[in-house]
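To start, the structure itself, in structure tokens.
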């Protein structure tokens, strides 16, 4: 797959369940009528805006800093290590695959810090679109910078570009996905459903199902359209590689990798422009009193943690998401390092493999969405199907610990892997996000998505470092040994999510949570009004009556 988890669609309407991602006016009271979403006409989603949103994602497909850059980095490491197969890195003599995993872990550790500092801009104020532009420009610079790094003696520089490039790529994604809920809930379809619900023509369950389907449709279509666009980009890349004559020599192959990283970066730049221009800059949440944009990130993380303890099903999904996300993210990285080694960094072969993977990804994502619609299946059912695919993937890799006949040791296996991964595992990146919204109380979306973002980054940081340590500790530096850890992790998380997670119970818990909070809010209104909390809105008092 060319791209990994696209971050988190940070949902709108924090503290105001009547709004569709629109900043609350000062004269709007909490007694506004009951429609789940209300829409400002000037922010109504247009077809051009949706396609501009898709266009950015086609460009930000991961080919640059998530696919070819790691391959270029590992390729230079391999050439620098020579027959010894090891290099000194971070004070330890490590295998090539171990170094890649350590760099991956370092990158995600830095991302956690960055997310805590600037992540709030995705939820609050009006700066999110500008931050996406700045981060994208930074990523473009890293992508073009690879043109100067294609010899083994520059592997240290390649390590820096890999770490920083992965940070740049990963940080653009949350600020892009943060626009997704506003797009979905400002569509004409959901506006009509909200009016029907207000008029009593449909039930809340009917509206919630329409809401889920609309979010699912936009999310899946973004993945599907990106996959189709990526196939065309890869087809052009094949022509570029023949033009560079990558099969002529090792030096040509090295240079070819740098060229296609720069080329894919140029495509990303061009396809990002429509979104930068056409996005309707919907305002985010106003900052709470006496808080700056940095403080509010820690504040919302604290609030989410205090809330989630009252929501057992939400907490269960949080734990399962942490474990399964850790397993999958690390599995993809481990298999990628094995694939690079087995095909001997042949750029054309790797590109052909990606073409197969992306084509399968497009079919898989569309098929999951079609099946869900056709048979009226729940998000949980589709999610469970993806979990089975992840377990099979880790089991496949674990077999390779004991034998060389099977378990990601042969080129043919990676052709099968790309197909299997695209068809049955890639939908994780869509359905895992939709599942977050399923276990999140309406009006608390930004709190919970922030919490899941931190958990996701933390899991991505821990898994690679643990896997690197396992490889280093194995007697012969067996690069398949992390699958012991990854398979066990997948089985554990599957047990929690498949057997114990109940979305119906979660909805009951969410309703009770919001009802309890509303009772406290009503009781505290008079106290806040007579000056118990001077200058503080009722929205700044939590369900226990404490200042937040």
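Residue numbers (this note's numbering): 89 to 636. No residue lacks a Cβ here, since even glycine has one placed at the ideal position from N, Cα and C.
- Query: If we call anything under 7 Å between Cβ atoms a contact, is residue 166 one with residue 311?
  - Reply: Translated into positions along the chain shown, residue 166 becomes position 78. Translated into positions along the chain shown, residue 311 becomes position 223. Not closer than 7 Å, so no.
- Query: At what residue ranges does the stretch 120-187 contain a whole run of the beta strand (DSSP E), taking only runs of 3 or more?
  - Reply: 174-177 and 180-183
- Message: When you compare the CB positions of residue 529 and residue 602, do they come within less than 7 Å of one another, or not?
- Response: Numbered from its first residue, the chain shown carries residue 529 at position 441. Numbered from its first residue, the chain shown carries residue 602 at position 514. Taking 7 Å as the Cβ cut-off, residue 529 and residue 602 qualify as a contacting pair.
- Please state if the CB of residue 144 and the CB of residue 368 are separated by a distance shorter than 7 Å. Position 280 of the chain shown, counted from the start, is the residue given in the question as residue 368. Position 56 of the chain shown, counted from the start, is the residue given in the question as residue 144. No, the Cβ-Cβ distance between residue 368 and residue 144 is not below 7 Å.
- Query: I think residue 63 touches residue 234, with their Cβ atoms under 8 Å apart; what is that distance to the nearest whole Å?
  - Reply: The structure shown does not extend to residue 63, since the chain spans only 89 to 636, so no value can be given for it.
- How is residue 340 classed by DSSP in three states: helix, strand or coil? Looking up residue 340 in the chain shown gives position 252. Residue state, collapsed to three classes: helix.
- Message: Tell me the DSSP secondary structure of residue 514 in three-state form.
- Response: If you number the chain shown from 1, residue 514 lands on position 426. Three-state result, residue 514: coil.
- Query: Mind checking whether residue 435 and residue 271 have CB atoms under 7 Å apart?
  - Reply: As a first step, residue 435 must be located in the chain shown, where it is residue number 347. As a first step, residue 271 must be located in the chain shown, where it is residue number 183. The answer is no: Cβ separation not under 7 Å.
- Item | Environment of residue 260 [buried if 16+ CB atoms lie within 10 Å] | Residue 260 sits at position 172 when you count from the first residue of the chain shown. Buried.
- 6 Å Cβ shell around residue 215 - same chain, five flanking residues per side excluded: Start at 1 with the first residue of the chain shown, and residue 215 comes out as number 127. 209, listed in sequence order.
- Is any beta-carbon of chain C found at less than 7 Å from that of residue 422? Judged by its chain identifiers, the structure shown contains no chain C, having just a single protein chain.
- Classification of residue 386 by the beta-carbon crowding that lies within 10 angstroms, buried from 16 upward: Here the question's residue 386 lines up with position 298 in the chain shown. Residue 386 should be labelled exposed.
- Query: Can you name, in chain order, every residue of its own chain whose Cβ lies under 7 Å from the Cβ of residue 407, other than the five neighbours on each side?
  - Reply: Residue mapping note: residue 407 aligns to position 319 of the chain shown, counting from 1. So the qualifying residues of the chain are 584.
- Message: Considering Cα atoms alone, identify which of 460, 155, 304 and 141 is closest to residue 361.
- Response: Within the chain shown, residue 361 is the residue found at index 273, counting from 1. Answer by Cα proximity: 141.
- Message: Am I right that residue 319 and residue 443 are in contact with their C-beta atoms under 8 Å? What's the rounded C-beta distance?
- Response: Taking the chain shown and counting its residues from 1, one reaches residue 319 at position 231. Taking the chain shown and counting its residues from 1, one reaches residue 443 at position 355. About 6 Å separates the two Cβ atoms, so the contact holds.
- Message: If you follow the alpha helix (DSSP H) that residue 395 is in, where does it begin and where does it stop?
- Response: Position 307 of the chain shown holds residue 395. Per DSSP, residue 395 belongs to the alpha helix (DSSP H) from 383-396.
- Quick one: residues in its chain with C-beta nearer than 7 Å to the C-beta of residue 256, no 5 flanking neighbours on either side, listed in chain order? Reading the chain shown from its first residue, position 168 is the one you call residue 256. Closer than 7 Å at the Cβ level, and outside the excluded window around residue 256, lie 153, 223, 226, 227 and 230.
- Query: In or out: residue 509 buried (at least 16 other Cβ within 10 Å) or exposed?
  - Reply: As a first step, residue 509 is located in the chain shown; it is residue number 421 there, counting from the start. Buried, because 16 or more other Cβ atoms sit within 10 Å of the Cβ of residue 509.
- Message: I want to know whether the stretch 575-589 touches the stretch 472-482 - three or more CB-CB distances under 8 Å.
- Response: yes
- From 306, 129 and 392, residue whose alpha carbon lies closest to that of residue 532: Stepping through the chain shown from its first residue, residue 532 is reached at position 444. Cα-wise, what sits closest to residue 532 is 392.
- Message: Helix, strand or coil for residue 244? Go by DSSP, reduced to three states.
- Response: As a working mapping, residue 244 is identified with position 156 in the chain shown. Correct three-state label for residue 244: helix.
- Item | Straight-line Cα distance separating residue 404 from residue 334 | If you number the chain shown from 1, residue 334 lands on position 246. If you number the chain shown from 1, residue 404 lands on position 316. Each residue's Cα considered, the two are about 49 Å apart.
- To the nearest angstrom, report how far apart residue 427 and residue 396 are at their CA atoms. Residue 427 sits at position 339 when you count from the first residue of the chain shown. Residue 396 sits at position 308 when you count from the first residue of the chain shown. Cα-Cα distance, rounded: 40 Å.
- Message: Buried or exposed, going by whether 16 or more other CB atoms sit within 10 Å of the CB of residue 162?
- Response: Position 74 of the chain shown, counting from 1, holds the residue named residue 162. Buried: at least 16 other Cβ atoms inside 10 Å.
- Item | Residue range of the unbroken alpha helix (DSSP H) whose run includes residue 304 | Within the chain shown, residue 304 is the residue found at index 216, counting from 1. Start and end: 292-332.
- Is DSSP giving residue 289 helix, strand or coil here? Indexing the chain shown from 1 puts residue 289 at position 201. Here residue 289 sits in coil by DSSP.
- Task: Measure the C-alpha to C-alpha separation of residue 98 and residue 336 and round it to an integer number of angstroms.
- Result: As a first step, residue 98 is located in the chain shown; it is residue number 10 there, counting from the start. As a first step, residue 336 is located in the chain shown; it is residue number 248 there, counting from the start. Unreliable placement is indicated for residue 98, whose pLDDT of 34 sits below 50; the coordinate value is still reported in the next sentence. Answer to the nearest angstrom: the Cα atoms are 48 Å apart.
- Task: Could you check what DSSP says for residue 578 in three-state terms: helix, strand or coil?
- Result: What you label residue 578 is simply residue 490 of the chain shown in a count that begins at 1. If DSSP states are grouped into helix, strand and coil, residue 578 belongs with the helices.
- Buried versus exposed call for residue 383 [16 or more other C-beta atoms within 10 Å across all chains shown]: As a working note, residue 383 is residue 295 in the chain shown. It is exposed - the Cβ of residue 383 has fewer than 16 other Cβ atoms within 10 Å.
- Residue interval of the alpha helix (DSSP H) (run including residue 469): On the chain shown, position 381 is the one that residue 469 refers to. Run containing residue 469: 467-490, per the alpha helix (DSSP H) assignment.
- Could you tell me the distance, in whole angstroms, from the CA atom of residue 482 to the CA atom of residue 133? Translated into positions along the chain shown, residue 482 becomes position 394. Translated into positions along the chain shown, residue 133 becomes position 45. Near 41 Å, if we compare the C-alpha coordinates of residue 133 and residue 482.
- Query: For residue 247, which option in 465, 526, 487 and 159 has the closest C-alpha, if you only look at C-alpha atoms?
  - Reply: Along the chain shown, read from residue 1 onward, the residue named residue 247 stands at position 159. That would be 159, whose Cα lies nearest to the Cα of residue 247.
- Alpha-carbon to alpha-carbon, residue 536 and residue 445: In the chain shown, the residue the question calls residue 445 occupies position 357. In the chain shown, the residue the question calls residue 536 occupies position 448. Near 32 Å, if we compare the C-alpha coordinates of residue 536 and residue 445.
- Task: Use the C-beta contact count for residue 465: other C-beta atoms within 10 angstroms, 16 or more gives buried, fewer gives exposed.
- Result: Numbered from 1 along the chain shown, position 377 holds the residue referred to as residue 465. Classification of residue 465: exposed, given that the 10 Å Cβ count is below 16.
- Message: Let me make sure I understand the geometry here. Which of 301, 276, 219 and 175 has the alpha-carbon closest to that of residue 240?
- Response: Against the chain shown, residue 240 aligns to sequence position 152. Checked all of 301, 276, 219 and 175; the closest Cα to residue 240 is 175.
- Distance CB(residue 281)-CB(residue 295) smaller than 7 Å: Locating residue 281 in the chain shown gives position 193, counting from the first residue. Locating residue 295 in the chain shown gives position 207, counting from the first residue. Going by C-beta atoms, residue 281 is nearer than 7 Å to residue 295.
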